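In our numbering, the protein residues as written are 1 to 113.
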């Protein structure tokens with residue numbers, strides 16, 4: 001068993017510091033089935049518009065996230081969850097004035113952390 005805090009995980013800096021990604025659980029703890037990541041988006045920050053072969057389970061911890069697809073956008077606030085099916089194009093945008101944080105769980109595959 002491993003017990004830790006997100007602050008103990010070195011962040012991966014994305015988009016010139018507008019986004020931080022911390023791999024809380026993945027190969028770093030020997031996880032073989034899932035990867036849990038914590039994303040922090042500064043106000044106005046957005047992830048790249050993309051898709052991939054695996055689904056995402058998202059839980060919003062702080063702030064307001066706009067989840068964008070090719071057909072619609074959805075607002076998700078603290079306490080909301082978002083399910084992104086595999087191969088669906090998507091993007092996450094911080095739609096608020098404060099940093100937004102969300103957990104993202106994906107299936108473990110080498111290289112997708």
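Idealized CB from N, CA, C, for every residue including glycine.
Only a predicted model underlies this, so the values are computations on that prediction, with no experimental measurement involved.
- Here DSSP, grouped into helix, strand and coil, assigns residue 27 to helix.
- Between residue 76 and residue 32, the alpha-carbon positions lie close to 29 Å from each other.
- Rounded to the nearest whole angstrom, the CA to CA distance from residue 88 to residue 2 is 33 Å.
- In this structure, the CA atom of residue 41 is about 12 Å from the CA atom of residue 61.
- The Cβ-Cβ distance between residue 64 and residue 91 does not fall below 8 Å.
- For residue 10, same chain residues with a beta-carbon under 8 Å away, outside a window of 5 residues either side, are 22 in chain order.
- As computed with DSSP, residue 74 is found in a beta bridge with 67.
- Excluding its 5 nearest sequence neighbours in each direction, residue 96 has C-beta neighbours in its own chain below 6 Å: 63, 64, listed in chain order.
- Across the structure, residue 99 and residue 36 are spaced so that their CA atoms are roughly 19 Å apart.
- Per DSSP, residue 91 is one residue of the beta strand (DSSP E) stretching across 90-94.
- Per DSSP, residue 60 is one residue of the beta strand (DSSP E) stretching across 56-62.
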